[in-house]
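Take a look at the structure below.
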Amino acid sequence: DVVMTQTPVSLSVSLGGQVSISCRSSQSLVHNNGNTYLSWYLQKPGQSPQLLIYKVSNRFSGISDRFSGSGSGTDFTLKISRVEPDDLGVYYCGQGTQYPWTFGGGTKLELK
Amino acid sequence: EVQLVESGGGLVQPGRSLKLSCVASGFTFSNYGMNWIRQAPGKGLEWVAYISSGSSYIYYAETVKGRFTISRDNAKNTLYLQMTSLRSEDTALYYCARPPNWERYFDYWGQGVMVTVSS
Numbered sequence: 034d035v036v037m038t039q040t041p042v043s044l045s046v047s048l049g050g051q052v053s054i055s056c057r058s059s060q061s062l063v064h065n066n067g068n069t070y071l072s073w074y075l076q077k078p079g080q081s082p083q084l085l086i087y088k089v090s091n092r093f094s095g096i097s098d099r100f101s102g103s104g105s106g107t108d109f110t111l112k113i114s115r116v117e118p119d120d121l122g123v124y125y126c127g128q129g130t131q132y133p134w135t136f137g138g139g140t141k142l143e144l145k
Numbered sequence: 034e035v036q037l038v039e040s041g042g043g044l045v046q047p048g049r050s051l052k053l054s055c056v057a058s059g060f061t062f063s064n065y066g067m068n069w070i071r072q073a074p075g076k077g078l079e080w081v082a083y084i085s086s087g088s089s090y091i092y093y094a095e096t097v098k099g100r101f102t103i104s105r106d107n108a109k110n111t112l113y114l115q116m117t118s119l120r121s122e123d124t125a126l127y128y129c130a131r132p133p134n135w136e137r138y139f140d141y142w143g144q145g146v147m148v149t150v151s152s
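So the sequences go chain by chain: A and B. Note that the first sequence covers residues 34 to 145 in my numbering. Note that the second sequence covers residues 34 to 152 in my numbering.
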């Protein structure tokens, strides 16, 4: 199975600040079809996860450009700029390149 | 508006069975593969199973293979998860989630249904 490792486990940020979350996979996430199926989700308290970024760097419909994804192969990053109160929660990376699809352990974003 | 509504959860004894349902609306259900994903209390996300639009392709996590069965009824716009030989470690919030056509991520999630396995 592809193991997804997220760091840090938790992050404190001031409103208006910028943060980065790292996600590393135990194997390359480049699929045979050339796509890299690395996605990012935010789970706000008491809610279902919501898609933020798909295929490394594509923002889902309605997602602010304050969220950006980058990376390749086994090393990926989610950056959040100008953090707002609504950004708080747990962020997960996930891979869909290989079954079983797997997720990172999560990064909790809290206010400083 | 895409909606996924799960039901069928509850408290069940170890070794017993339970069947979850997920009713879909707001899109052409028969055109999309579907997934079940679970989240144990206070823990992260675990993908459980996938079924293709026409049920030709089905995949399971090793932790549930042989005990859980994913299925669908396209005429009823409904996804199912039949869970047997339940264990305490199956206690979780179960989400149904949809990937966009031919894609490998989840753009819509249900609100989840809780399954508690305990004597």
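For glycine and all other residues, C-beta sits at the position ideal for the given N, C-alpha and C.
DSSP bridge partner residues for residue i (one or two, in chain order)
| i | result |
| --- | --- |
| residue 113(B) | 54(B) and 104(B) |
| residue 131(B) | 141(B) |
| residue 35(A) | The partner list for residue 35(A) (beta bridge, DSSP) is empty, contrary to what the question assumes. |
| residue 124(A) | 75(A) and 140(A) |
| residue 49(B) | In DSSP, residue 49(B) forms no bridge with anything. |
| residue 72(B) | 78(B) and 126(B) |
Proximal residues of chain A, C-beta to C-beta of residue i below 7 Å
| i | result |
| --- | --- |
| residue 77(B) | 125, 136, 138 and 139 |
| residue 143(B) | 81 |
| residue 113(B) | Within 7 Å Cβ-Cβ: nothing; residue 113(B) doesn't reach chain A, min ~19 Å. |
Selected residue, minimal CA-CA separation from residue i, among the options
| i | options | result |
| --- | --- | --- |
| residue 233(A) | 57(A), 96(A), 104(A) and 41(A) | Because residue 233(A) is not part of the residues shown, which for chain A are 34 to 145, the question remains open. |
| residue 76(B) | 92(A), 50(A) and 82(A) | 82(A) |
| residue 80(A) | 119(A), 94(A), 144(A) and 135(A) | 119(A) |
| residue 101(A) | 138(A), 107(A) and 85(A) | 85(A) |
| residue 93(A) | 72(A), 78(A), 113(A) and 105(A) | 72(A) |
| residue 47(A) | 121(A), 56(A), 107(A) and 130(A) | 121(A) |
| residue 94(B) | 105(B), 106(B) and 80(B) | 80(B) |
| residue 123(B) | 39(B), 40(B) and 48(B) | 48(B) |
| residue 89(A) | 135(A), 126(A) and 66(A) | 126(A) |
| residue 83(B) | 74(B), 73(B) and 65(B) | 65(B) |
| residue 87(B) | 130(B), 96(B) and 108(B) | 108(B) |
| residue 136(B) | 69(A), 50(A) and 36(A) | 69(A) |
| residue 41(B) | 138(B), 134(B) and 128(B) | 128(B) |
| residue 113(A) | 54(A), 141(A), 40(A) and 134(A) | 54(A) |
| residue 60(A) | 49(A), 50(A), 35(A) and 136(A) | 35(A) |
| residue 78(B) | 104(B), 63(B), 145(B) and 113(B) | 145(B) |
Local Cβ density within 10 Å of residue i, reported as buried at 16 or more and exposed below that
| i | result |
| --- | --- |
| residue 68(B) | buried |
| residue 38(A) | exposed |
| residue 35(B) | exposed |
| residue 44(B) | exposed |
| residue 184(A) | No statement about residue 184(A) is possible, as the shown extent of chain A runs from 34 to 145 and does not include it. |
| residue 51(B) | buried |
| residue 42(A) | exposed |
| residue 120(B) | exposed |
| residue 138(B) | buried |
| residue 76(A) | buried |
| residue 85(B) | exposed |
Beta-carbon neighbours of residue i, restricted to chain B and to distances below 9 Å
| i | result |
| --- | --- |
| residue 84(A) | 138, 139, 140, 141 and 142 |
Chain-ordered chain B contacts of residue i [CB-CB under 7 Å]
| i | result |
| --- | --- |
| residue 129(A) | 137 and 138 |
| residue 72(A) | 138 |
Under 8 Å from the C-beta of residue i: neighbouring residues of chain B
| i | result |
| --- | --- |
| residue 78(A) | The contacting residues do not exist; residue 78(A) stays about 12 Å from chain B at best. |
Partner residues on chain A for residue i, Cβ-Cβ distance less than 9 Å
| i | result |
| --- | --- |
| residue 92(B) | 132, 133 and 134 |
| residue 128(B) | 81 and 82 |
Problem - Chain-ordered residues of the region 95–124 of chain A with a beta carbon less than 9 Å from chain B - result: 123
Problem - Residues of the region 57–78 of chain B with Cβ closer than 9 Å to any Cβ of chain A, in chain order - result: 68, 70, 72, 76, 77 and 78
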